[in-house]
Structures are given as structure tokens and as C-alpha cells.
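K.L.:
This is the structure, below, for whatever I ask next.
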Amino acid sequence: MRKLPFLLFLAPAALFADVVYLQGAGTISGKIVEQNAEIVQVDVGGGIVGVPMSRVDRIVKARCPLDDYEDRAAKLAANDTAGWLKLAEWASQNGLPMNAHDAYEKALTSSPDNAEARQALGYTKLNGRWLTEDEAYQASGYVKYSGEWMTPAQAQIEQTHSAQEKARKDAEYAAVAAENRADEAEAKAEEAEKEAKKAQEAQQYGYPGYGYGYYGGYAYGVTSWPTGTGPGLGAGSRPSGGGRR
Amino acid sequence: MNRRGDRLEVRAFSLAAATLLAFTLATPAPTAPTVDKIVADYVAARGGLTKLRELKTLRQTGRIFAGQGREALVVREVKPPGRIRVQFTIQGVTAVFASNGTTGWKVSPFEDDMQIKDLPDEVTNEAIDQTDIEGPLVDWKAKGHTVELAGKETVNGLATYKLKVTLKSGAVRYSYVDVASHFEVRVDSTRQVKGLDLKIETTFSDHKKTGGVLFPRRIEIAAEGRPQHARVVVDKVEVNPALSDALFERPTLPKP
């Protein structure tokens, strides 16, 4: 009896899960498994969702459907087909499709031919055999194209459309590439003209030829050096040239 | 979830429909009612113009099943003109897509994106099209749409009037109104999917009234040439819930 007040104090924390409200809109509800200054990781019952803390508006403790699912599942015997079916439907109605899937699977463990569970899991009975959704579509003559089942005729239309789109994009890309090549050639020609002029000037005024090369090397060195420590450069600045990082 | 069963049912219906059609063609056709009469019967079946006019806002809560284990809780809130907000929850993760009637925005953690992003114009326009709670047939002349009778067709075993609805925007839809109940049982539209025009068939069934207005509780969406159906089960309809305009506006975040 002396422990009771302590247990009561603990109870709310154990009962409630966490709801992470995103800035602006949207929520993630489940159980926080890790939280630091950068990120909060939430177990949503079907995996872990990571949310950058910079996107979090607030986190509140609240009882969520996942808590109820776990409480109810813990009370069900493995062979309680009706119980698992009921829980599966409840999970579906409460936005927990992965838990609903698990509960239907549990129902099938004790009753492998259960039509409700089979149909909810996407099975179709064909010639006395339960087929998966994919097997049933395949058996009905559909083909899978771009991740979707469709008639062969529709797949043909989509394939032709994709090929035309690709050809159009390739042609666009080729045109842009040709334009870039032409610009590059023009730039090279201008560069060559400048070089020739400089060489002519150097010859005329006695400048050593390596001076120009040295200047280039120095420039790259300076560009890559101040990684966030140089004057006027923030911590996020990145080196743009080769050399030390 | 038994799609093969559904397909067989549709095939059986189609066969029966073909037989019925043969008999229908063999007998003299009665005079078809006018578009105005069909629409008036449809409006009356939905609860009447007065009740429809009382609809200021709407909230529908349900579930969408898209096959391959894809399932989500959906909350759809509408406040004309143009305001719509749709929330999807999958396994504790809630995404929001909304429009204020001019621009659209989303926060979609499913796409690994926790930030507020603009919706593409075509998505926003499609969303805004859906905010006419009454539907385009109600008061179609005043709304600038045109409606023509395009014949009679059988939909899932039901004889229907096929109406060609050309929206003010130029978009064309076909609406199928059940001859017996006057309920709208199917709408065909064209939507751009990956750059390809796809005919989308939306079928409505399990109609029930809330606040004196009829709403379908089961909606099936299928694309031409594809066997998968997205099935929406509407669990709850709320008529005229309090919805603040702010719900639809793109949230402004404090500057970091």
C-alpha cells in the first residue's frame, strides 16, 4: 500500500505516448525512442520516423491509438481468431494499417482459411487457392508496368508515351548540349585570342611566360583555403576549388 | 478488398446489362426527359435545393484503401468558395494538403518532407474544383456550366442517364444519374497522370442522409485500363462544422 502513491505518479507517463506537432501542420504520434538537440525519433508502431527538431513546433504527451492497440493485443490469446479480427478492424479504423495487418496475420495463424483476414490482406480465392493480389492480377492477364497493374493494351500506351517523352527529353538535352558546346568553343576561341594577345604583349614588354601560370596556381590556393575561418566567410562556406579542406 | 470478386460481379452485371440493352433496343424508346427534369429529380433526391443551400461547410471522415496494403485515415474539410483541406494519417503520421481557393500548400512527412511546400497549380486547381459542395449539376446555368443529355447507360446494373457536363473552366465530366433513385452513381473525368491523360471513373454507392442531404458513403475510384480501385469508406459526415479560414491558409512560420 505504501507504494501506491509512487505507482500512481508513474502511471500517466506509462499510459501516454507522444505527439510531435510539426511547425505549420502535420503530426507524428507514437513513442519517442530518442531525442536530442538535432532530431527526435518516434516509433510509430511500424517503424521509426525521424523529425528534425528545427521542424518541431511542440511535443505533448497524449494517449494515442497505438497505446490502445498494444494494450488490447497484450490481452489476446494467440488462438483467439475473433479477437484478432476485431482488433484488426479497430486498428484500421484508427489509422494503424500496419498493426491491422499484423492482427489479421495473427488471425490467420490460428485460422489459415479465414476469408475476412485473407481478403483484408489482399488475397483472392481462385480455384480453391488463396492468391496474393499480385498473383491474382497476373492470373487475370494483367501486366505490371511502372509499379502498377494494368491491361497489356494500357501498358503499351504508357510505354509508347514514356518512349516519346524520353525521346523528347533526349532531343532537348542534345540541343542544350550542342548550344553549350558552341558557347564553349566560342569561349575557347576568345581565350585563345586573349592568350595570343598576352604572349604578343609579353614578348613586346619582356614579361616571363611562367608569370601567368603562377597567378593561376595562387588563385586556386586562396579560393580553397578559408573554410569558414577567413574574414567575411561564414561557417557554412565551402571551398570552391581544389586543395586543402 | 476482394477485387477479383468485384470484377466478376462487374462482368456479370455487364452481361446482364448487354441482355437488357438488347431488349431495350427492340422496344420503342419512351421519350427521354429533359436535362432540366433529370437535374430537378436529382436535386430533390439529394434533399432539395433549400437543404443544399444550407450547406456552408462540410467535414467527411473516412478511410481510403488503395490496394497493395496501402490504407489511410482521411479527413476532408471544405468551405466554399475554394477552401479545402485534406488530412491523411497512416500509422500515426499525418500529412496535410490544403488550398485557400487561390494557392495550395502541403506538409507531407510521407515524402520525407516536414516542410511547408507549395502544391503544383494543377493539383490546386483540381482541389478547388472539389469545393463545390452542392456539385456542378445544382444551379448549373448560374454557375456557367453546360449540361447535355448524352444518352442512357447501365452502371453496375443500374439504368442511368448520362449527362455531359462542361464546366465553366472547360473541363468535361460525364455524370450518370440513376433513372430509378435519381442518385448520381458515377462520374467520369480525365486527369493528367505522369503526363498522360487518364480516364478516371468514380462510382458512388451506399447513399445516406446527414442534415437532410444525401451523401455517398462508399466511393470507388478507378483509372481506365487498370484493375486497382481506390476505395473510400466514409465513416462520418458533419454538416456545417465550424471551420476557420485560417485552417486553409498557408501557415506562416516565425523566422529562425
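Residue numbers (this note's numbering), protein chains in the order written: chain S, 1 to 245; chain U, 1 to 256. Virtual Cβ for every residue (Gly too), placed ideally from N, Cα, C. Here the structure is a predicted model, which means the values were calculated and not measured.
(1) Between the region 77-85 of chain U and the region 234-249 of chain U, do three or more beta carbon pairs fall short of 8 Å?
(2) Quick one: Cα of G45/S to Cα of P152/S, how far?
(3) Assuming the contact rule is C-beta atoms closer than 8 Å, A159/U and V179/U should be a hit. Round their C-beta distance to whole Å, please.
(4) With DSSP run on the structure shown, which of helix, strand or coil describes A187/S?
(5) Show which residues of chain U have a CB atom less than 9 Å away from the CB atom of Q138/S.
(6) What does the Cβ neighbour count give for P65/S, buried or exposed, with the cut at 16 atoms within 10 Å?
(7) Helix, strand or coil for L108/S? Go by DSSP, reduced to three states.
(8) Pop quiz: L119/U and H161/S are said to be a contact at Cβ under 8 Å. What is the actual Cβ separation, rounded to whole angstroms?
(9) Helix, strand or coil for I133/U per DSSP?
(10) Using a Cβ-Cβ cutoff of less than 8 Å, which residues in the same chain neighbour K209/U once the five nearest sequence positions on both sides are dropped?
(11) Closer than 7 Å by C-beta to G170/U: which residues in its own chain qualify, once you throw out the five before and the five after it? Chain order, please.
(12) Tell me which residues of the region 60-73 of chain U have at least one Cβ-Cβ distance to chain S shorter than 9 Å, keeping chain order.
(13) Over what stretch of residues does the beta strand (DSSP E) that includes D235/U continue unbroken?
(14) To which residues of the same chain is D132/U closer than 7 Å at the C-beta, ignoring the five residues directly before and after it?
(15) Per DSSP, which one or two residues make a beta bridge with Q93/S?
(16) Strictly by DSSP, which residues pair up with S99/U?
(17) Looking only at DSSP bridge pairs, what is Y145/S linked to?
(18) Expressed to the nearest angstrom, what Euclidean distance is found between the alpha-carbon atoms of V39/U and K51/U?
(19) Please tell me whether A25/S and V107/U are closer than 8 Å, where the distance is taken between their beta carbons.
(20) With C-beta atoms as the reference, is A88/S less than 8 Å away from A100/S?
(21) Buried or exposed for P247/S, going by 16 or more other Cβ atoms inside 10 Å?
(22) Can you pull the DSSP bridge partners for L214/U?
(23) Using only CA atoms, which one of Q23/S, D102/S, V49/S and G47/S lies nearest to G69/U?
(24) Would you say A222/U reaches chain S, if we count a Cβ-Cβ gap shorter than 8 Å as a contact?
(25) Taking the beta strand (DSSP E) that Q41/S belongs to, which residues open and close that run?
(26) Between which two residues does the alpha helix (DSSP H) holding D245/U run?
(27) Rounded to a whole number of angstroms, what is the C-alpha to C-alpha distance between A17/S and E133/S?
(28) Measure from the alpha carbon of M114/U to the alpha carbon of each residue in G50/S, D68/S and V33/S, then state which is nearest.
(29) Quick one: which residues of the region 201-232 of chain U get their C-beta closer than 9 Å to a C-beta of chain S? List them in chain order.
(30) According to DSSP, simplified to helix, strand and coil, what is P65/S?
(31) Report the CB separation of S110/S from N79/S in whole angstroms; it is logged as a contact under 8 Å.
(32) Applying a beta-carbon distance threshold of less than 8 Å, which residues of chain U neighbour W149/S?
P.N.:
This is what the structure holds:
(1) Remark: three or more beta-carbon pairs, one from each stretch, lie closer than 8 Å, so the region 77-85 of chain U and the region 234-249 of chain U are flagged as touching.
(2) Residue 45/S sits at position 45 when you count from the first residue of the first sequence. Residue 152/S sits at position 152 when you count from the first residue of the first sequence. Rounded to the nearest angstrom, the two C-alpha atoms are 38 Å apart.
(3) Locating residue 159/U in the second sequence gives position 159, counting from the first residue. Locating residue 179/U in the second sequence gives position 179, counting from the first residue. A Cβ-Cβ distance of about 4 Å is found for the pair A159/U and V179/U, placing them in contact under the 8 Å criterion.
(4) For this step, residue 187/S is matched to residue 187 along the first sequence. The answer is helix: DSSP assigns A187/S an H, G or I state.
(5) Position 138 of the first sequence, counted from the start, is the residue given in the question as residue 138/S. What Q138/S touches in chain U: nothing, since even the nearest Cβ is about 11 Å away.
(6) Along the first sequence, read from residue 1 onward, the residue named residue 65/S stands at position 65. With 16 or more other Cβ atoms within 10 Å, it is buried.
(7) Position 108 of the first sequence, counted from the first residue, corresponds to residue 108/S. It is helical.
(8) Here residue 119/U refers to the residue found at position 119 of the second sequence. Here residue 161/S refers to the residue found at position 161 of the first sequence. About 24 Å separates the two Cβ atoms, so there is no contact after all.
(9) One-based indexing of the second sequence puts residue 133/U at position 133. The answer is coil: DSSP assigns I133/U none of H, G, I, E or B.
(10) The residue you call residue 209/U lines up with position 209 of the second sequence. A distance below 8 Å between beta-carbons, with the five flanking residues on each side excluded, links K209/U to the following residues of its chain, in chain order: G47 and F215.
(11) As a working note, residue 170/U is residue 170 in the second sequence. Within the same chain, and ignoring the five residues on either side of G170/U in sequence, no residue has its Cβ closer than 7 Å to its Cβ.
(12) Answer set for the region 60-73 of chain U: R63, F65, G67, Q68, G69, R70, E71, A72 and L73.
(13) Here residue 235/U corresponds to residue number 235 of the second sequence, with the count starting at 1. Here the beta strand (DSSP E) through D235/U covers H229 to V239.
(14) Start at 1 with the first residue of the second sequence, and residue 132/U comes out as number 132. If we look at D132/U and ignore the five residues flanking it on each side, its Cβ neighbours are P80.
(15) By 1-based counting over the first sequence, the position of residue 93/S is 93. Per DSSP, none; premise fails for Q93/S.
(16) Working through the second sequence from its first residue, we reach residue 99/U at position 99. According to DSSP, which records beta bridges pairwise, S99/U is partnered with I84/U and G104/U.
(17) For the purposes of this step, residue 145/S is identified with residue 145 of the first sequence, where counting begins at 1. According to DSSP, which records beta bridges pairwise, Y145/S is partnered with E148/S.
(18) Along the second sequence, one-based indexing puts residue 39/U at 39. Along the second sequence, one-based indexing puts residue 51/U at 51. Cα to Cα, V39/U sits roughly 16 Å from K51/U.
(19) Indexing the first sequence from 1 puts residue 25/S at position 25. Indexing the second sequence from 1 puts residue 107/U at position 107. Yes, the pair counts as a contact, with Cβ atoms nearer than the cut-off.
(20) Within the first sequence, residue 88/S is the residue found at index 88, counting from 1. Within the first sequence, residue 100/S is the residue found at index 100, counting from 1. For A88/S and A100/S, yes; Cβs fall inside 8 Å.
(21) This structure gives no information on residue 247/S, because the portion of chain S shown stretches from 1 to 245.
(22) Position 214 of the second sequence, counting from 1, holds the residue named residue 214/U. Beta-bridge annotation (DSSP): L214/U is paired with K209/U.
(23) Locating residue 69/U in the second sequence gives position 69, counting from the first residue. When each option's Cα is compared against that of G69/U, the closest is D102/S.
(24) Indexing the second sequence from 1 puts residue 222/U at position 222. Output row for A222/U: interface = no.
(25) Along the first sequence, one-based indexing puts residue 41/S at 41. Unbroken beta strand (DSSP E) run through Q41/S: I39 to D43.
(26) As a working note, residue 245/U is residue 245 in the second sequence. Unbroken run through D245/U: none, as it is neither H nor E.
(27) The count along the first sequence starts at 1 and reaches residue 17/S at position 17. The count along the first sequence starts at 1 and reaches residue 133/S at position 133. Taking the Cα positions, A17/S is about 35 Å away from E133/S.
(28) Along the second sequence, one-based indexing puts residue 114/U at 114. Looking only at G50/S, D68/S and V33/S, the smallest Cα-Cα distance to M114/U is reached by G50/S.
(29) Shown in chain order are the members of the region 201-232 of chain U whose Cβ falls below 9 Å from a Cβ of chain S: A223, E224, G225, R226, P227 and Q228.
(30) The residue labelled residue 65/S in the question sits at position 65 within the first sequence. P65/S sits in a helix when the DSSP states are folded into three classes.
(31) Counting from one through the first sequence, the residue named residue 110/S turns up at place 110. Counting from one through the first sequence, the residue named residue 79/S turns up at place 79. Correct: roughly 4 Å between the Cβ atoms.
(32) Position 149 of the first sequence, counted from the first residue, corresponds to residue 149/S. Within 8 Å Cβ-Cβ: R226, P227 and Q228.
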